[in-house]
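One structure is given below, encoded as structure tokens.
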Amino acid sequence: MSTVTKEQVVRWLEATAAVLEANKGYLTDLDSAIGDADHGTNMDRGFKKVMEKLPTVADKDIGNILKTVGMTLISSVGGASGPLYGTFYMRGGMAADAKEELDNNDLVNVLQGAVDGIIQRGRAQPGDKTMVDALLPALDALKAAVAEGQGAADALAAAVAAAEQGMKDTIPLQARKGRASYLGERSIGHQDPGATSSYLILNALLETMRA
Amino acid sequence: MSTVTKEQVVRWLEATAAVLEANKGYLTDLDSAIGDADHGTNMDRGFKKVMEKLPTVADKDIGNILKTVGMTLISSVGGASGPLYGTFYMRGGMAADAKEELDNNDLVNVLQGAVDGIIQRGRAQPGDKTMVDALLPALDALKAAVAEGQGAADALAAAVAAAEQGMKDTIPLQARKGRASYLGERSIGHQDPGATSSYLILNALLETMRA
Amino acid sequence: MKKLINAVPDVVKEQLEGMAAAHSDVLKVHFEPDFVYRADAPVAGKVAIISGGGSGHEPMHGGFVGMGMLDAACPGAVFTSPTPDQMYEAAKAVNSGAGVLFLVKNYTGDVLNFEMAADMAAAEGIPVQNILIDDDVAVKDSLYTAGRRGVGTTVLVEKIVGAAAEAGYNLEQCADLARKANSYGRSMGMALSSCTVPAAGKPIFELGEDEMEFGIGIHGEPGQKRMKLVPADEITEMMALEIINDKAYTRTVRELEDGQWVDKSLTDEPFKRGDKVIAFVNSMGGTPVSELYAVYRKLAQVCADNGIEIVRNLIGPYITSLEMAGMSITLLKADDEILRFWDAPVKTPGLRWGI
Amino acid sequence: MKKLINAVPDVVKEQLEGMAAAHSDVLKVHFEPDFVYRADAPVAGKVAIISGGGSGHEPMHGGFVGMGMLDAACPGAVFTSPTPDQMYEAAKAVNSGAGVLFLVKNYTGDVLNFEMAADMAAAEGIPVQNILIDDDVAVKDSLYTAGRRGVGTTVLVEKIVGAAAEAGYNLEQCADLARKANSYGRSMGMALSSCTVPAAGKPIFELGEDEMEFGIGIHGEPGQKRMKLVPADEITEMMALEIINDKAYTRTVRELEDGQWVDKSLTDEPFKRGDKVIAFVNSMGGTPVSELYAVYRKLAQVCADNGIEIVRNLIGPYITSLEMAGMSITLLKADDEILRFWDAPVKTPGLRWGI
Ligand SMILES: Nc1ncnc2c1ncn2[C@@H]1O[C@H](COP(=O)(O)OP(=O)(O)O)[C@@H](O)[C@H]1O
Ligand SMILES: Nc1ncnc2c1ncn2[C@@H]1O[C@H](COP(=O)(O)OP(=O)(O)O)[C@@H](O)[C@H]1O
Ligand SMILES: [Mg+2]
Ligand SMILES: [Mg+2]
Ligand SMILES: [Mg+2]
Ligand SMILES: [Mg+2]
């Protein structure tokens, strides 16, 4: 199967909300090591709001749904992750304008737009120990797999594996962006909370595709 | 030997300063159970000042010396115990006016004046769980022993024993005066700090007499 | 013990030096004996208002020295009443001839030391009066205790009587107003944590992670009872109702009459529906003002439900117990005279408005 | 977790309700989206000054809403930047037509959310500018970090620019003054204890009984280094010297120019002998004001030794981190323009004088 349907997008968002709720304490613990102990609560608060909004747009096109998610996160998360993930879904949604399903190229375009959006807004570079360190490798892996002609699920699996690796690779990094950067060398040895939520979000899509 | 000399009075005050310094932590601990954790520091601060002042009056008469002690305590201790012990020595000193030594009757008069002073100032009654509960029994025992014709050291020994008993007897009492009274029934089971310092002060005189 | 201090014996002295350095436009500090006094004292023709007590309750009292409030404040060692010579010297320094009113929190130590100070000042020919502040409803009777402690009402009385003195009230009028304002005020406090007197070096009491101390005073002395920690609304309601429903309170106080100490029996009347009040929510030091707002929110509801109208409020750390976490609530019935002086300008490091 | 709160999700809302109940003469609170705004907003012809940030720093920012300071403040969840719709709705509510200045503490979250808010306000035709506050010298460079955090200087800039707006400065003048005042201010903070975000329920970090955290921000984030606790004088001197000896600091900020975001390189010049300053000693929440005076005492000495003249001061808990024990020091170079607006009347729950 090489497309992602609108129903799958909706179930992905539901799965995301569930996984972020389940990992709320975990993400907050990661954030208390090098941040301010709120990333889990922030993301959970945002996706709870998304779940409230979702029924009102579930019959719209994918672009519309994703943009609504973005707007909702922007107006409910706050912190650094609110505008960043908000932009992620907004720009992803713009790349899915009027679509009822996403083929592999659409999927690449959506993730490309989403990741570009985060980078433009946050100005983080790879290696700065942010969500970008999970998202960029995932995007690259997705592109490569799609170029090789793999199906959506396999290509996504490659992307998620890359995201997971990127997330783990943040551990030895010294943070240069966001709150963790104030810790200087003391940020080394801790996994970045935002990279972790990025991995969880992509993995939720993969699990939705596999279900 | 049935008199207390001026030199003994001076050595008594020195011994008092030493014993209060040694028991500073103990008295403060007692005060933290039912008060505000300062009785030890208060008494130690006061008698340190007394030690500074003492050389300037050591050649004066006993009444003069004791009144100086009282004035010094009043202007350096603060709290409840400052005015109370200040009055104790002031009024004791008034009963020793112009004396170079104290015979047994003088001793009774000094302690009578001192204890009366505390009671008039603080208005505590026996059983209120205050220094009065050590001092009054001591005064009574001293009077009885002197009436029986005992020597100064023996009479004082009886007084100190009574003070010690009175001090211990404060443990089961519920405080009705001072800070400890706010605790109501929770003051029961703790020894009164002021009764304890009173015992230590009288005992210092006994040990001086015996030395 | 974790504090921003240097050597323990210097704590109070260095804090006073800091105050003097920071607020030289408003106050000066005299050392040995220690007292804080108005930079422009004595103020011609004005009754001088003096208070004092153990240190550790800042900004009270030193932080309330200035135009419209105190003329002088006498700080003792931490949680220890000051000595009479402090009040005596302060009285001499700020008396303009119109006399001195000592506002005394009802603790045995404060009472005794201020009485001695009054005797000394009177002997010097200074007109003087002592008025007790005793507003803590956690202390139920005065027969079997040293009587109600002086707590939150002290701050309000210092402000009100300070303004009256500024407005030209004479000594007797100031004393009458202080007595009235005290009789109109009731307070109750609670603690979430203990506090550490520097000289002792360890907390005065220990509280479990789920415990609070109910009915505390301001000296870190343990409270009336220890309770399981409950939500802020419940705590606030309990305290507010203890205050609002407190019955008439009668006790005997010693005041000066024609130079003699006389015993007077005074009775505080209970609150009644329709009363206007000044509501004061106070941090014991370690509780941030944000939490006080949660308390104030509920307090306003409880007052409204009981027909008590809050017409002014004061919210913040004003009468503290070092770094203790916790809060106290004070309600003070406000008539026109009291409101006028509450609203009058005040310029002190700890309280300022209108100027 | 021992706090005067009810249910964790309601903490900020109930605190805001308490503020609204307590200070209805000065401010109002709007819910969903949450913002605090002047009771008399919009003030005709006046530039509106808006700030905001995570909750937990009270009285900042909500407590600084009122005459002579902020027109509105947008509180996020505890230690979490507010969302753009809060600032956008606040801007609409307080804009009189003279435009809106957003004062933004330099944290990624605040910066991004306020930029979005500015875009939304501009799209609505509201003249708007964003000025960053970034004064924390504990952050050494801006190349390998998110840049200096906005800490104590924020309070001073809000006061100064608030007074300028009140005095009729237009939007560009307000922005210029804010940029200048920020460039004149430097701060440093330290903690004796951690603090607990209600939603997390446990302290953000753990400190040993003899440890302190040096160079902290205001969000309970761990500091630059952990050190053995030393006497107050030593701590104060270290911090004061880091501030006084701090070199020129250059970074790039994004501001609006003709409706476009442009990068500007700005440089703060170091202090020099002869500078007059406003000195601000701030409690992180749990440290009582008495200890701040011990710090101020030493700070005044260090400033004098280095030829820095303190001409005004502010001492107390103004920009806090919940109940954290600790303090921060801010020095802000004061020229005549700054002093004039510092001295101007202000009437807010958290800061008041001259009225
Ligand atoms: N400039 C940035 N670009 C990309 N991601 C960033 C940036 N700054 C921070 N982040 C991400 O945001 C995460 C923190 O989010 P969160 O805790 O919700 O916000 P805050 O830091 O404001 O408390 C970090 O772990 C990091 O991955
Ligand atoms: N009214 C009183 N009469 C006699 N003794 C008293 C009275 N009130 C208190 N005391 C004594 O004072 C002691 C406490 O002294 P101290 O701790 O120095 O002062 P404070 O209570 O002011 O802190 C009590 O233990 C008690 O013995
Ligand atoms: Mg965070
Ligand atoms: Mg005591
Ligand atoms: Mg005491
Ligand atoms: Mg945050």
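Chains as they are written, first to last, in our numbering: chain A, 14 to 224; chain B, 14 to 224; chain C, -8 to 346; chain D, -8 to 346. Quick reminder that beta carbons are idealized off the backbone N, C-alpha and C, glycines included. Treat the numbers as computed from the prediction; the structure is a model and nothing was measured.
Distance between Thr145/C and Met107/C (C-alpha atoms, nearest Å) = The residue you call residue 107/C lines up with position 116 of the third sequence. The residue you call residue 145/C lines up with position 154 of the third sequence. Distance between the alpha carbons of Met107/C and Thr145/C: 21 angstroms.
message = Within a Cβ cutoff of 7 angstroms, which residues of the same chain sit near Met14/B, ignoring the five residues on either side of it in sequence?
response = Reading the second sequence from its first residue, position 1 is the one you call residue 14/B. Low local confidence applies: a pLDDT of 49 at Met14/B is under 50, so the model's placement there is unreliable, and no value is given.
query = DSSP beta-bridge partners for His21/D?
reply = Here the question's residue 21/D lines up with position 30 in the fourth sequence. Paired residues: Phe26/D.
key: Beta carbon proximity, Asn55/B to chain C, threshold 8 angstroms   = Locating residue 55/B in the second sequence gives position 42, where the first residue counts as 1. Yes, Asn55/B counts as interfacial toward chain C.
task = May I ask whether a heavy atom of ligand 4 can be found less than 7 angstroms away from the beta carbon of His52/B?
result = Reading the second sequence from its first residue, position 39 is the one you call residue 52/B. Answer for His52/B: yes, Cβ within range of ligand 4.
query = For Asp49/B, is the beta carbon positioned less than 7 angstroms from some heavy atom of ligand 5?
reply = Taking the first residue of the second sequence as position 1, residue 49/B is located at position 36. Yes, since a heavy atom of ligand 5 falls inside the 7 angstroms radius drawn around the Cβ of Asp49/B.
ask   = Roughly how many whole angstroms lie between the Cα atoms of Val260/C and Lys324/C?
value = As a first step, residue 260/C must be located in the third sequence, where it is residue number 269. As a first step, residue 324/C must be located in the third sequence, where it is residue number 333. According to the sequence provided, residue 260/C is Glu. The question's Val does not apply to it. Taking the straight line joining both Cα atoms gives about 10 angstroms.
request  = For my contact list, Val69/D and Val2/D are in at a C-beta cut-off of 8 angstroms; report their separation, rounded to the angstrom.
outcome  = As a working mapping, residue 69/D is identified with position 78 in the fourth sequence. As a working mapping, residue 2/D is identified with position 11 in the fourth sequence. Indeed they touch by this definition, with Cβ atoms about 7 angstroms apart.
request  = May I ask whether a heavy atom of ligand 8 can be found less than 7 angstroms away from the beta carbon of Gly38/B?
outcome  = Among the ligands modelled here, namely ligand 1, ligand 2, ligand 3, ligand 4, ligand 5 and ligand 6, ligand 8 does not occur.
inquiry  = I'd like to know if Gln215/C contacts chain B, where contact means its C-beta is closer than 8 angstroms to some C-beta of that chain.
reply    = The residue given as residue 215/C occupies position 224 in the third sequence. Yes, its Cβ sits closer than 8 angstroms to a Cβ of chain B.
inquiry  = Using the three-state DSSP reduction, which class does Ile209/D fall into: helix, strand or coil?
reply    = What you label residue 209/D is simply residue 218 of the fourth sequence in a count that begins at 1. Note: Ile209/D maps to coil in three-state DSSP.
ask   = At which residues does the beta strand (DSSP E) containing Glu248/D begin and terminate?
value = Counted from its first residue, the fourth sequence places residue 248/D at position 257. Glu248/D -> beta strand (DSSP E) spans 240 to 248.
query = Asp205/B: which of Asp119/B, Gly95/B, Asp42/B, Lys142/B sits nearest, CA to CA?
reply = Along the second sequence, read from residue 1 onward, the residue named residue 205/B stands at position 192. It is Lys142/B.
key: Collapsed DSSP secondary structure at Met(-8)/C in the structure displayed   = Taking the third sequence and counting its residues from 1, the one referred to as residue -8/C is at position 1. It is coil, neither helix nor strand.
task = Kindly examine ligand 3 and report whether one of its heavy atoms sits closer than 7 angstroms to the Cβ of Gly143/C.
result = Position 152 of the third sequence, counted from the first residue, corresponds to residue 143/C. Checking the Cβ of Gly143/C against ligand 3 gives no.
message = By DSSP's criteria, Ala270/D is part of a beta bridge. Which residues make up the other side?
response = Reading the fourth sequence from its first residue, position 279 is the one you call residue 270/D. The partner list for Ala270/D (beta bridge, DSSP) reads Asn304/D, Leu322/D.
request  = Report buried or exposed for Leu147/C, applying the criterion of at least 16 other Cβ atoms within 10 angstroms of its Cβ.
outcome  = Along the third sequence, one-based indexing puts residue 147/C at 156. Leu147/C is buried by the Cβ-count criterion.
ask   = Does the region 161 to 175 of chain C touch the region 194 to 212 of chain C, meaning 3 or more C-beta pairs lie closer than 8 angstroms?
value = no
query = Quick one, are the C-beta atoms of Leu134/D and Val152/D less than 8 angstroms apart?
reply = Position 143 of the fourth sequence holds residue 134/D. Position 161 of the fourth sequence holds residue 152/D. Contact annotation: Leu134/D and Val152/D have beta-carbon atoms that are not nearer than 8 angstroms.
task = Kindly say whether Val188/D, judged by its beta-carbon, lies nearer than 8 angstroms to any beta-carbon of chain A.
result = Counting from one through the fourth sequence, the residue named residue 188/D turns up at place 197. Yes, contact with chain A.
Ala224/B (DSSP reduced to helix, strand or coil) = Stepping through the second sequence from its first residue, residue 224/B is reached at position 211. Residue state, collapsed to three classes: coil.
inquiry  = Distance cutoff 8 angstroms, beta carbons only. Does Asp224/C sit that close to anything in chain D?
reply    = Reading the third sequence from its first residue, position 233 is the one you call residue 224/C. At least one chain D Cβ lies under 8 angstroms of Asp224/C.
request  = Note down, in chain order, every chain C residue with its Cβ under 8 angstroms from the Cβ of Asn(-3)/D.
outcome  = The residue you call residue -3/D lines up with position 6 of the fourth sequence. Pro222, Ala223, Asp224, Ala285, listed in chain order.
query = Can you check whether the CB of Tyr287/D is closer than 8 angstroms to the CB of Arg139/D?
reply = The residue given as residue 139/D occupies position 148 in the fourth sequence. The residue given as residue 287/D occupies position 296 in the fourth sequence. Contact: no.
inquiry  = At the 8 angstroms Cβ level, is Ile124/D part of the contact set with chain C, yes or no?
reply    = Mapped onto the fourth sequence, residue 124/D falls at position 133. By this cut-off, Ile124/D is not an interface position.
key: Run of the alpha helix (DSSP H) containing Met111/C, from where it starts to where it stops   = As a working note, residue 111/C is residue 120 in the third sequence. Element bounds for Met111/C: 99 to 114.
task = Pull out every residue of the region 83 to 96 of chain B whose Cβ sits closer than 8 angstroms to any Cβ of chain C, in chain order.
result = Ile87, Ser88, Ser89, Val90, Gly91, Gly92, Ala93, Ser94, Gly95, Pro96
request  = Classify Asn121/C as helix, strand or coil using the three-state DSSP reduction.
outcome  = Numbered from its first residue, the third sequence carries residue 121/C at position 130. Strand, per DSSP.
task = Verify the contact flag: Arg192/A, CB atom, against every heavy atom of ligand 3, threshold strictly below 7 angstroms.
result = Translated into the one-based positions of the first sequence, residue 192/A becomes position 179. Set against 7 angstroms, the gap from the CB of Arg192/A to the closest heavy atom of ligand 3 is smaller.
ask   = Nearest chain B C-beta to Ala68/C closer than 8 angstroms, yes or no?
value = As a working note, residue 68/C is residue 77 in the third sequence. Ala68/C counts as touching chain B.
query = Mind listing which residues of the region 189 to 214 of chain C have their C-beta closer than 7 angstroms to chain B's C-betas, in chain order?
reply = Ala190, Ala191, Ile195, Gly208, His210, Gly211, Glu212, Pro213
query = Of all the residues that make up the region 187 to 217 of chain B, which are near chain C by a beta-carbon distance shorter than 7 angstroms?
reply = Arg189, Lys190, Gly191, Arg192, Ser194, Tyr195, Leu196, Gly197, Arg199
task = Verify the CB distance criterion: does Asp74/A have a CB-CB separation below 8 angstroms to chain D?
result = Position 61 of the first sequence, counting from 1, holds the residue named residue 74/A. Judged by the 8 angstroms Cβ criterion, Asp74/A is not in contact with chain D.
DSSP beta-bridge partners of Glu202/D = Walking along the fourth sequence from the start, residue 202/D turns up at place 211. Bridge partners of Glu202/D: Lys219/D.
ask   = By the 10 Å Cβ neighbour count, where 16 or more other Cβ atoms means buried, how is Arg13/A classified, buried or exposed?
value = Coverage of chain A is limited to positions 14 through 224, which leaves residue 13/A absent and any answer about it impossible.
request  = Mind listing the chain A neighbours of Asp76/D? Cutoff is C-beta to C-beta under 8 angstroms, in chain order.
outcome  = By one-based count along the fourth sequence, residue 76/D stands at place 85. Result: Ile87, Ser88.
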